[in-house]
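These notes are about the structure you will find just below.
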Ligand SMILES: Nc1nc2c(c(=O)[nH]1)N[C@H]1C(S)=C(S)[C@@H](COP(=O)(O)OP(=O)(O)OC[C@H]3O[C@@H](n4cnc5c(=O)[nH]c(N)nc54)[C@H](O)[C@@H]3O)O[C@H]1N2
Ligand SMILES: Nc1nc2c(c(=O)[nH]1)N[C@H]1C(S)=C(S)[C@@H](COP(=O)(O)OP(=O)(O)OC[C@H]3O[C@@H](n4cnc5c(=O)[nH]c(N)nc54)[C@H](O)[C@@H]3O)O[C@H]1N2
Ligand code: SF4
Ligand SMILES: [Mo]
């Protein structure tokens with residue numbers, strides 16, 4: 103794959119020591135700086151003042167929950183939320199003239215950052231077979247092309263429909279309805295690469311794939327674990343919730359190979375103490391763990407808890423909870439006692455004393471919450487780790503009661519809602535039955551393709567049509583070169599997008615760009631102005647009202663694009679009122695209310711401030727597994743292993759990016775400025791590998807298929823990551839993640855556990 107070019111400066115890297123605290127005044131300054139670079143002061147004012155307010159625009163950033171109405175701050179957003187919303191509200195525009203000036207191959211050589219900085223897409227474009235240019239196309243002709251292609255497929259399973267988690271509930275519902283009415287469950291989504299391991303493990307053990315805690319629970323917990331997540335960058339307002347918890351007396355244990363600034367100290371810019379004071383210490387304990395050591399950590403903790411019960415029978419475990427609600431305890435308890443301390447210490451890199459101190463924290467706490475994100479899910483044994491976390495919570499009954507529970511911290515603002523709406527290649531029969539009852543067609547029952555399997559199918563020619571509702575599939579997916587080749591094999595690729603990205607430059611024979619309204623924009627349809635709904639990480643479903651003038655008159659909403667395409671393609675084949683759906687999104691919500699449990703009377707209830715909280719059966723003492731109980735599981739010890747001379751690489755986000763889209767080349771909290779092509783390595787490992795600070799290296803990943811995967815020319819930065827590990831930014835390093843390197847059971851790419859060697863860069867270092 104060509105190296106990024108574009109506006110990335112030549113070799114301007116500067117490195118300063120990592121920051122020891124997050125947010126404070128610099129966060130406000132950076133938020134405003136980026137916002138005003140993108141858009142006018144007036145538009146920035148509208149977005150920021152209405153963001154996360156009742157009847158305002160829901161932040162398009164992460165899925166962290168808003169405080170209850172009445173308890174929201176006037177500025178209820180973080181630095182990064184401000185950047186995300188104004189990246190969409192930008193006044194820059196990509197017009198037909200832009201595509202006349204730049205060929206597809208030329209755009210393909212530009213960096214992700216450059217492509218995003220060109221601004222909002224403004225009119226539908228097509229790249230025809232044999233051409234190297236996008237040219238304008240009318241909406242009508244675009245739908246004609248798409249439906250012709252879809253109806254000419256030998257089977258509907260030759261099409262895949264990808265969704266990224268920014269899509270609204272209404273758009274997601276319409277997309278899955280269209281795909282299923284067409285006859286396929288091929289509905290891969292970004293969640294396949296994000297929290298699939300969480301969904302799998304929670305479903306299996308608790309009977310529901312969602313987290314069980316609310317913001318109120320966080321505020322009132324005694325002990326909170328933050329495992330494999332970087333809230334200061336990726337869920338900044340989580341820090342406000344943690345601050346509140348600490349003020350109420352909570353202790354916090356952070357588990358991470360990197361001492362992330364937001365885990366250490368937080369200066370809340372909404373409080374005077376955060377502006378002029380020292381802020382608040384977040385982690386009471388920081389466990390500097392080896393990558394992938396979390397399974398062993400919880401196994402060690404669970405063994406310690408069982409032994410504490412032996413020493414003080416009846417006073418450590420919650421026997422009532424275990425007896426009434428769980429199954430498999432005896433077997434688990436036998437297995438847990440066989441865990442070997444040498445294994446735990448090898449995998450975690452921690453001492454037994456350090457883990458015993460955490461046990462003591464647990465024993466002193468009535469209410470415990472475990473939060474986790476990509477540092478857990480994106481490992482080969484991510485599912486096993488989460489199953490072990492569930493074991494841990496159940497031992498002391500930390501499920502289904504206030505101030506306690508499981509908290510998978512979701513990524514995109516509506517990634518959870520998209521799943522609730524049926525965007526999943528494996529929706530259960532109960533959902534499909536409800537679709538059948540409501541719309542009178544027979545939805546396909548065989549499971550469809552997830553993200554990794556879609557790429558395999560495209561590569562093998564089994565899929566020929568790819569449509570994306572939001573996202574940047576070729577940059578999000580693993581094994582960039584393999585994924586790009588697979589996409590290029592398609593007959594048609596189409597993207598419903600707000601902004602230009604690399605996926606638009608990796609085309610099937612025919613390619614379409616279908617530009618759409620963003621969440622910030624007013625959405626006027628035949629029956630009047632519309633709003634959409636979204637669901638946050640805590641299962642709260644609420645509205646989002648666009649406020650800005652659309653970026654172009656030619657934009658259609660996501661719902662309108664999908665309804666018109668569906669109407670044209672299905673041509674009366676199913677009894678679905680696509681035109682009515684497009685005119686009035688309330689009619690979509692009416693249907694959803696009869697299909698999705700917990701969303702009855704959707705329109706009326708969602709109009710109330712704060713919206714609807716979906717019931718979580720676990721919090722009602724119900725565990726809808728086949729046994730009707732929560733399951734203890736026995737998980738074999740395992741740890742990722744890098745042979746001598748190699749490191750375990752994790753691919754992560756900088757402070758200035760939104761997933762596949764870097765905003766600037768800086769990562770302020772980690773002290774990296776001016777370049778993203780850096781690899782962070784422990785100084786002792788550098789010495790052992792004979793490498794030095796500032797040296798240019800290629801990252802070469804090692805995998806069983808012997809294919810060479812190489813990311814060229816990264817600068818070595820000594821960094822306090824744990825021994826044997828390294829970190830570098832995604833998506834530049836996705837080229838290194840083998841397509842077949844996936845988590846057990848969940849099929850999620852292992853973006854955090856890649857075995858690499860660092861080779862001195864082949865061309866002489868740039869001067
Ligand atoms: N600003 C911003 N916000 C975002 C996003 C963004 O790109 N930018 N993306 C959104 C999305 S889609 C998501 S999914 C979330 C992601 O949120 P995070 O999961 O916080 O994202 P990552 O940057 O992947 O960081 C993973 C963290 O896990 C740690 N880690 C890595 N390996 C291990 C391990 O083996 N064990 C432990 N204990 N820790 C480990 C890393 O050091 C890092 O701190 O953020 C959401 N919010
Ligand atoms: N190596 C590695 N790979 C990873 C990860 C990792 O940590 N490491 N993380 C994984 C994770 S957690 C995730 S979630 C995926 C993310 O994968 P995706 O969700 O596919 O990627 P994004 O970067 O969020 O997509 C950005 C694009 O979405 C479009 N967009 C933005 N807003 C809207 C909107 O409102 N409507 C529409 N229609 N389009 C919009 C814009 O065109 C923008 O360019 O990547 C995964 N890939
Ligand atoms: S914490 Fe997440 S949802 Fe809240 S303002 Fe920041 S980016 Fe947006
Ligand atoms: Mo994600």
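In the numbering used here, the protein residues as written are 103 to 869. Beta carbons are placed, not taken as given, at the ideal position from N, Cα and C, and that holds for glycine. A quick note: this is a predicted structure, and the numbers were derived from the prediction, not measured.
Should residue i go down as buried or exposed, given a rule of 16 or more other Cβ atoms within 10 Å for buried?
i	result
residue 639	buried
residue 219	buried
residue 626	exposed
residue 109	Residue placement at residue 109 is poorly supported in this model, since its pLDDT is 49, which falls under 50; the coordinates still yield a value, given next. The residue in question, residue 109, is exposed, as its Cβ has fewer than 16 Cβ neighbours within 10 Å.
residue 867	Legend: pLDDT at residue 867 = 48, less than 50; position of this residue unreliable, no value from coordinates given.
residue 860	buried
residue 122	exposed
residue 105	With a pLDDT of 41 at residue 105, under the threshold of 50, the predicted position of this residue should be treated as unreliable, though the coordinate-derived value follows. Its Cβ having fewer than 16 others within 10 Å, residue 105 is exposed.
residue 250	exposed
residue 869	With a pLDDT of 45 at residue 869, under the threshold of 50, the predicted position of this residue should be treated as unreliable, though the coordinate-derived value follows. Answer is exposed; the Cβ neighbour count stays below 16.
residue 118	exposed
residue 270	buried
residue 127	exposed
residue 857	buried
residue 120	buried
Can you give me the start and stop residues for the beta strand (DSSP E) that residue i sits inside?
i	result
residue 185	Run containing residue 185: none in the beta strand (DSSP E); it sits in the alpha helix (DSSP H), 181-190.
residue 480	It is not in any beta strand (DSSP E) - residue 480 carries neither H nor E in the DSSP assignment.
residue 753	749-754
residue 369	367-369
Figure out for me which residue from the options has the closest Cα to the Cα of residue i.
i	options	result
residue 697	275, 614, 241	275
residue 765	154, 189, 183, 180	189
residue 194	179, 137, 163, 148	137
residue 297	261, 391, 521	521
residue 386	463, 661, 704	463
residue 486	395, 706, 165, 567	395
residue 116	836, 778, 810	778
residue 548	259, 201, 718, 379	259
residue 498	425, 482, 800, 643	425
residue 534	243, 150, 287, 223	287
residue 447	480, 391, 419, 437	391
residue 543	342, 675, 842	675
residue 746	412, 679, 825, 680	825
residue 153	629, 648, 410	648
residue 687	677, 726, 398, 646	646
residue 305	737, 795, 725, 791	725
residue 874	799, 354, 792, 568	The structure shown does not extend to residue 874, since the chain spans only 103 to 869, so no value can be given for it.
residue 164	186, 254, 145	186
Can you round the beta-carbon distance between residue i and residue j to whole angstroms, since I take them to be within the 8 angstroms contact cut?
i	j	result
residue 371	residue 125	6 angstroms
residue 650	residue 622	5 angstroms
residue 579	residue 615	That pair is no contact at about 19 angstroms.
residue 671	residue 252	5 angstroms
residue 841	residue 554	6 angstroms
residue 402	residue 441	7 angstroms
residue 206	residue 229	6 angstroms
Where do the ends of the alpha helix (DSSP H) carrying residue i lie?
i	result
residue 589	582-590
residue 665	660-672
residue 448	443-450
residue 731	No alpha helix (DSSP H) contains residue 731, which DSSP labels as neither H nor E.
residue 321	317-321
residue 211	Per DSSP, residue 211 belongs to no alpha helix (DSSP H) and is neither H nor E.
residue 346	338-349
residue 241	241-253
Evaluate the contact criterion for the region 774-786 versus the region 802-809: three or more CB pairs, one atom per stretch, below 8 angstroms. no
Do three or more CB pairs link the region 663-676 to the region 263-282 at distances below 8 angstroms? yes
Using 8 angstroms as the cut-off, can you tell me whether the region 308-324 makes contact with the region 714-723, which would need three or more C-beta pairs spanning the two stretches below that distance? yes
Check whether the region 453-473 and the region 740-754 touch, using three or more Cβ-Cβ pairs below 8 angstroms as the test. no
Given 8 angstroms as the limit, is there contact between the region 809-822 and the region 841-853, that is, 3 or more CB pairs closer than that? no
Would you call the region 404-420 and the region 505-517 touching, i.e. three or more CB-CB distances under 8 angstroms? no
Below 8 angstroms, how does it come out for the region 466-482 and the region 323-333: are there three or more Cβ pairs, yes or no? yes
Between the region 555-574 and the region 594-605, do three or more beta carbon pairs fall short of 8 angstroms? yes
Counting beta carbon pairs with one atom in the region 583-595 and one in the region 560-567, are three or more of them shorter than 8 angstroms? yes
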